[in-house]
Amino acid sequence: MSTIEIINRAVEGMRSLPINCALAAISGGVDSTTAAVLARKALGDRLRAVFIDTGFMRLNEPTHVKELLKGILPIEVVDAHEQFYGAVLGLSNAEEKRIRFREVFYTVLSGIAKKYGCDWLVQGTIAPDWIETKGGIKTQHNVLEQIGIDTSTKYGFKLIEPLRELYKDQVREVARALGVPSEIINRQPFPGPGLSIRAVGELTLEKLDIVRRSTEIVERRLGDMGLSQWFAAAWEYSTMPSDELSRNVVNLGDLHVNLFKVRATGVKGDSRSYGHVALVKGRLTKWDDAYELHRYLTIGDVTHVIYGLTEGDSGKYFVSIRAVLTEDFMTADVPRLDRNTLVNVAREIMSDNRIAAVGFDVTPKPPATIEYE
Ligand code: XMP
Numbered sequence: 001m002s003t004i005e006i007i008n009r010a011v012e013g014m015r016s017l018p019i020n021c022a023l024a025a026i027s028g029g030v031d032s033t034t035a036a037v038l039a040r041k042a043l044g045d046r047l048r049a050v051f052i053d054t055g056f057m058r059l060n061e062p063t064h065v066k067e068l069l070k071g072i073l074p075i076e077v078v079d080a081h082e083q084f085y086g087a088v089l090g091l092s093n094a095e096e097k098r099i100r101f102r103e104v105f106y107t108v109l110s111g112i113a114k115k116y117g118c119d120w121l122v123q124g125t126i127a128p129d130w131i132e133t134k135g136g137i138k139t140q141h142n143v144l145e146q147i148g149i150d151t152s153t154k155y156g157f158k159l160i161e162p163l164r165e166l167y168k169d170q171v172r173e174v175a176r177a178l179g180v181p182s183e184i185i186n187r188q189p190f191p192g193p194g195l196s197i198r199a200v201g202e203l204t205l206e207k208l209d210i211v212r213r214s215t216e217i218v219e220r221r222l223g224d225m226g227l228s229q230w231f232a233a234a235w236e237y238s239t240m241p242s243d244e245l246s247r248n249v250v251n252l253g254d255l256h257v258n259l260f261k262v263r264a265t266g267v268k269g270d271s272r273s274y275g276h277v278a279l280v281k282g283r284l285t286k287w288d289d290a291y292e293l294h295r296y297l298t299i300g301d302v303t304h305v306i307y308g309l310t311e312g313d314s315g316k317y318f319v320s321i322r323a324v325l326t327e328d329f330m331t332a333d334v335p336r337l338d339r340n341t342l343v344n345v346a347r348e349i350m351s352d353n354r355i356a357a358v359g360f361d362v363t364p365k366p367p368a369t370i371e372y373e
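Residue numbers (the working numbering): 1 to 373.
Below, the structure written as structure tokens:
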């Protein structure tokens with residue numbers, strides 16, 4: 001189907017529904033924005049667009065998104081961070097965080113929908129979201145009907161998902177055809193649960209702050225390299241040495257492998273795994289071999305392999321720089337970045353004395369996921 005046919009079909013589909021008022025939840029990413037712009041084309045002023053500030057957004061994100069969308073889609077920013085913090089701070093398990101996040105997200109939306117008398121919700125769910133959720137890889141925050149949640153009974157609205165059969169590259173085509181600003185089209189994807197799933201392991205405000213600051217640095221420093229996604233994640237710098245894994249990489253240099261205490265998600269076969277994160281420290285004989293480390297180390301339940309770039313004398317947290325190249329986000333490669341570039345980014349991150357060490361994640365998807373939780 002051509003892009004124009006996709007658009008016409010979606011618009012006609014929405015116009016044929018008995019809609020008095022629909023609410024669109026915008027994150028500022030290409031999926032939710034495109035879904036809302038489509039809905040506005042179909043419904044005009046019967047669409048109300050809101051941006052929920054979950055408290056897990058990046059630095060200045062709510063105001064930036066509102067500014068970006070000025071002129072194309074008026075949005076209302078709703079500050080709901082206290083509800084989100086109340087529900088997820090202190091949680092450690094990845095799936096638990098995602099499930100609780102989703103509950104609060106839709107409860108907040110349900111309240112707004114009732115306030116405005118809207119009984120429809122437009123959202124930017126795309127094909128990989130529900131494929132991965134149904135496949136048990138992870139609970140994507142915006143997948144409800146496909147896993148049997150009846151939104152009318154539970155939240156008081158029916159769903160409109162005009163992009164549910166599309167992949168990211170098709171969504172970008174639709175966005176272009178609709179005149180969505182290129183900064184939104186080219187914005188890297190940002191997960192619905194936001195930084196809550198990048199503050200890996202126990203979710204605390206301090207860890208969240210570390211992730212937010214480190215993310216700003218990584219996004220700024222790696223922003224013009226043509227990457228598909230690039231960000232930072234953080235967790236406690238607490239490791240145990242693994243002699244067995246160290247033996248697997250003796251041919252690549254003077255290396256020591258450690259396992260972090262936290263766990264992170266990966267994909268094995270068709271399903272999600274939740275396993276160990278390996279940290280490789282020491283000198284590689286050849287830098288290019290950093291990109292081969294995962295072949296020797298993603299055995300057993302190891303899902304991510306990180307090469308250590310810098311280490312200080314104090315601090316509690318480890319920060320991982322994550323960068324990937326991908327078309328469809330179902331599989332992803334690690335870009336061949338040079339060591340000096342990465343070390344310079346790591347040094348800037350290390351200027352926060354709460355950070356003990358910084359590394360670069362060298363694991364493709366599969367066996368890792370792009371995110372850690
Ligand atoms: P993973 O970590 O599964 O991520 O390899 C694949 C892509 O999906 C994004 N992602 C999400 N997007 N809600 C979203 O809207 C979510 O809950 C979510 N989790 C992951 C991730 O950033 C990557 O682009």
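Just so it is clear, CB atoms sit at the ideal spot from N, CA and C, and this is done for glycine as well.
Alpha carbon of Tyr167 to alpha carbon of Pro366, nearest angstrom: For this step, residue 167 is matched to residue 167 along the sequence shown. For this step, residue 366 is matched to residue 366 along the sequence shown. Roughly 18 Å separates the two Cα atoms.
The ligand XMP heavy atom lying under 6 Å from the CB of Phe105: For this step, residue 105 is matched to residue 105 along the sequence shown. The answer is no for Phe105.
Opposing strand residues paired with Thr125 [DSSP bridges]: Locating residue 125 in the sequence shown gives position 125, counting from the first residue. Its beta-bridge partners do not exist; DSSP assigns none.
Alpha-carbon to alpha-carbon, Gly117 and Lys268: In the sequence shown, the residue the question calls residue 268 occupies position 268. In the sequence shown, the residue the question calls residue 117 occupies position 117. Their Cα atoms are separated by approximately 44 Å.
Phe51 (DSSP reduced to helix, strand or coil): Your numbering for residue 51 matches position 51 in the sequence shown. Looking at Phe51 - three-state DSSP - the assignment turns out to be strand.
Buried versus exposed, by CB contacts within 10 Å (16 or more), Ile147: In the sequence shown, residue 147 corresponds to position 147, counting from 1. By the 10 Å Cβ count, Ile147 comes out exposed.
Ser214, buried or exposed, once every other Cβ within 10 Å from all chains shown has been counted against 16: Indexing the sequence shown from 1 puts residue 214 at position 214. Buried, because 16 or more other Cβ atoms sit within 10 Å of the Cβ of Ser214.
C-alpha distance - Ala35 paired with Leu279, whole-angstrom precision: Position 35 of the sequence shown holds residue 35. Position 279 of the sequence shown holds residue 279. For Ala35 and Leu279, the gap between their C-alpha atoms comes out near 40 Å.
Environment of Leu17 [buried if 16+ CB atoms lie within 10 Å]: Sequence index remark: in the sequence shown, residue 17 carries index 17 (1-based). Classification of Leu17: exposed, given that the 10 Å Cβ count is below 16.
Through-space distance from Arg283 to Glu161, alpha-carbon basis: One-based indexing of the sequence shown puts residue 161 at position 161. One-based indexing of the sequence shown puts residue 283 at position 283. When rounded, the distance between both Cα atoms is 50 Å.
Check: Lys97 C-beta below 6 Å from any heavy atom of the ligand XMP: Walking along the sequence shown from the start, residue 97 turns up at place 97. Not so, every heavy atom of the ligand XMP lies at least 6 Å from the Cβ.
Whole runs of the alpha helix (DSSP H) within the segment 218 to 248, excluding any shorter than 4 residues: Complete alpha helix (DSSP H) runs here, min 4: 243 to 248.
Limits of the alpha helix (DSSP H) - the one that Ala80 falls within: Taking the sequence shown and counting its residues from 1, the one referred to as residue 80 is at position 80. No alpha helix (DSSP H) contains Ala80, which DSSP labels as neither H nor E.
Rounded separation between Lys41 and Ser32 - CA only: The residue given as residue 41 occupies position 41 in the sequence shown. The residue given as residue 32 occupies position 32 in the sequence shown. Distance between the alpha carbons of Lys41 and Ser32: 14 Å.
Lys114 CB to nearest heavy atom of the ligand XMP below 6 Å: By 1-based counting over the sequence shown, the position of residue 114 is 114. When distances are taken from the beta-carbon of Lys114 to the heavy atoms of the ligand XMP, even the shortest one reaches 6 Å or more.
Three-way DSSP call (helix, strand, coil) for Tyr274 in this model: Within the sequence shown, residue 274 is the residue found at index 274, counting from 1. Here Tyr274 sits in strand by DSSP.
DSSP state of Glu348 mapped onto helix, strand, coil: Here residue 348 refers to the residue found at position 348 when the sequence shown is read from its first residue. Three-state DSSP puts Glu348 in a helix.
Ile4 beta carbon near the ligand XMP (any heavy atom closer than 6 Å): Sequence index remark: in the sequence shown, residue 4 carries index 4 (1-based). Answer for Ile4: no, Cβ out of range of the ligand XMP.
Beta carbon of Gly266 nearer than 7 Å to that of Ala368: What you label residue 266 is simply residue 266 of the sequence shown in a count that begins at 1. What you label residue 368 is simply residue 368 of the sequence shown in a count that begins at 1. Yes, the Cβ-Cβ distance between Gly266 and Ala368 is below 7 Å.
Selection from Ser196, Gly13 and Asp338 that minimises the alpha carbon distance to Val88: Position 88 of the sequence shown, counting from 1, holds the residue named residue 88. The shortest Cα separation from Val88 among Ser196, Gly13 and Asp338 belongs to Ser196.
Range of the contiguous beta strand (DSSP E) that encloses Tyr307: In the sequence shown, the residue the question calls residue 307 occupies position 307. Segment Val302 to Glu311, the beta strand (DSSP E) holding Tyr307.
Between the CA atoms of Ser228 and Leu222 - distance to the nearest angstrom: Here residue 222 refers to the residue found at position 222 of the sequence shown. Here residue 228 refers to the residue found at position 228 of the sequence shown. Taking the straight line joining both Cα atoms gives about 11 Å.
Check: Lys41 C-beta below 6 Å from any heavy atom of the ligand XMP: The residue you call residue 41 lines up with position 41 of the sequence shown. No - the ligand XMP has no heavy atom lying nearer than 6 Å to the Cβ of Lys41.
Whole-angstrom distance between Glu371 and Ala199, CA atom to CA atom: On the sequence shown, residue 199 is found 199 positions in, with the first residue counted as 1. On the sequence shown, residue 371 is found 371 positions in, with the first residue counted as 1. Rounded to whole angstroms, Ala199 to Glu371 spans 11 Å at the Cα level.
C-alpha gap between Val218 and Pro62, whole angstroms: In the sequence shown, the residue the question calls residue 218 occupies position 218. In the sequence shown, the residue the question calls residue 62 occupies position 62. So the two alpha carbons sit approximately 19 Å from each other.
heavy atom of the ligand XMP below 6 Å from Glu371 C-beta: Within the sequence shown, numbered from 1, the residue matching residue 371 stands at position 371. It does: the Cβ of Glu371 is within 6 Å (strictly closer) of some heavy atom of the ligand XMP.
Pro191 Cβ short of 6 Å to the ligand XMP heavy atom set: Mapped onto the sequence shown, residue 191 falls at position 191. Checking every heavy atom of the ligand XMP against the Cβ of Pro191, one is found closer than 6 Å.
Span separating the alpha-carbon of Asp224 from that of Pro189: Here residue 224 refers to the residue found at position 224 when the sequence shown is read from its first residue. Here residue 189 refers to the residue found at position 189 when the sequence shown is read from its first residue. Roughly 16 Å between the two C-alpha positions.
The segment 38 to 53 / the segment 67 to 84 touching (three or more Cβ pairs under 8 Å): yes
DSSP-derived helix/strand/coil call for Asn258: What you label residue 258 is simply residue 258 of the sequence shown in a count that begins at 1. Reduced to three states, the DSSP call for Asn258 is strand.
Distance CB(Leu325)-CB(Asp333) smaller than 7 Å: Position 325 of the sequence shown, counted from the first residue, corresponds to residue 325. Position 333 of the sequence shown, counted from the first residue, corresponds to residue 333. Cβ distance < 7 Å, so Leu325 and Asp333 count as in contact.
Top-ranked residue by Cα proximity to Phe318, from Asp169, Ile112 and Val211: As a working mapping, residue 318 is identified with position 318 in the sequence shown. It is Val211.
Enclosing alpha helix (DSSP H) for Lys66 [first to last residue]: On the sequence shown, position 66 is the one that residue 66 refers to. Unbroken alpha helix (DSSP H) run through Lys66: Glu61 to Leu69.
Same chain, Cβ closer than 8 Å to Gly156, five either side skipped, listed in chain order: Residue 156 sits at position 156 when you count from the first residue of the sequence shown. Cβ neighbours of Gly156 beyond the five flanking positions: Ser110, Ala113, Lys114 and Asp119.
With 16 other Cβ atoms within 10 Å as the buried cut-off, status of Arg220: Here residue 220 corresponds to residue number 220 of the sequence shown, with the count starting at 1. Looking at its Cβ environment, which holds fewer than 16 other Cβ atoms inside 10 Å, Arg220 is exposed.
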